[in-house]
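>
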Amino acid sequence: MKIIFIGVMLLVTGFASNAEDLLTISSKDKGISAFDFEVKEVTRNNNSSILKIVNFQDRSAAASRWMMCAYTEIAQKRGFSFCAALYDDHSGDEVIVVFPSS
């Protein structure tokens, strides 16, 4: 029982310490009034991030282009030069962004 408790505490502590490093980018904060989207990093790994974008599947072409800029900004803030977004018509509000080395 002690081991389970310690494991849970380590996980919670790890998530809490990483939570402050997660990024959020808002179209409104960037001065865009044509649409209102927020790209929120919910999980971070060494070479990828899982993003939550509410109403992602209903985005316009202009919003989609802005989101590509947001992915690039996240890559740069994390120290990467490249990124690729992975999603499909059934991925809902989650987008996986990976950061390849080349």
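Start counting at 1 in the sequence shown, then tack on 379, and there's your number in the numbering used here.
The beta-carbon is built from N, C-alpha and C at its ideal position, and this holds for glycine as well.
1) Note down, in chain order, each residue of its chain lying with its Cβ closer than 7 Å to the Cβ of K480, except the 5 sequence neighbours on either side.
2) Between the Cα of L402 and the Cα atoms of Y450, I411, A463, K419, which residue gives the shortest distance?
3) Helix, strand or coil: which one does DSSP assign to R423?
4) Around the Cβ of C448, are there at least 16 other Cβ atoms within 10 angstroms (buried) or fewer (exposed)?
5) Determine the burial state of L430: buried for a count of at least 16 other Cβ atoms within 10 Å of its Cβ, exposed for fewer.
6) Taking DSSP as the reference, what is the three-state secondary structure of S443?
7) Which partner residues does S428 have in the DSSP bridge list?
According to the structure data:
1) Your numbering for residue 480 matches position 101 in the sequence shown. Residue 480 is actually Ser in this sequence, not Lys. For S480, where only same-chain residues beyond five positions count, there are no Cβ hits under 7 Å.
2) By one-based count along the sequence shown, residue 402 stands at place 23. L402 has its Cα closest to that of K419, out of Y450, I411, A463, K419.
3) Here residue 423 refers to the residue found at position 44 when the sequence shown is read from its first residue. Note: R423 maps to strand in three-state DSSP.
4) Taking the first residue of the sequence shown as position 1, residue 448 is located at position 69. Exposed, by the Cβ-count rule.
5) Numbered from 1 along the sequence shown, position 51 holds the residue referred to as residue 430. Using a 10 angstroms sphere on the CB of L430, the tally of other CB atoms reaches 16 or more, which defines it as buried.
6) If you number the sequence shown from 1, residue 443 lands on position 64. The answer is helix: DSSP assigns S443 an H, G or I state.
7) If you number the sequence shown from 1, residue 428 lands on position 49. Looking at the DSSP output, S428 bridges to R423, V476.
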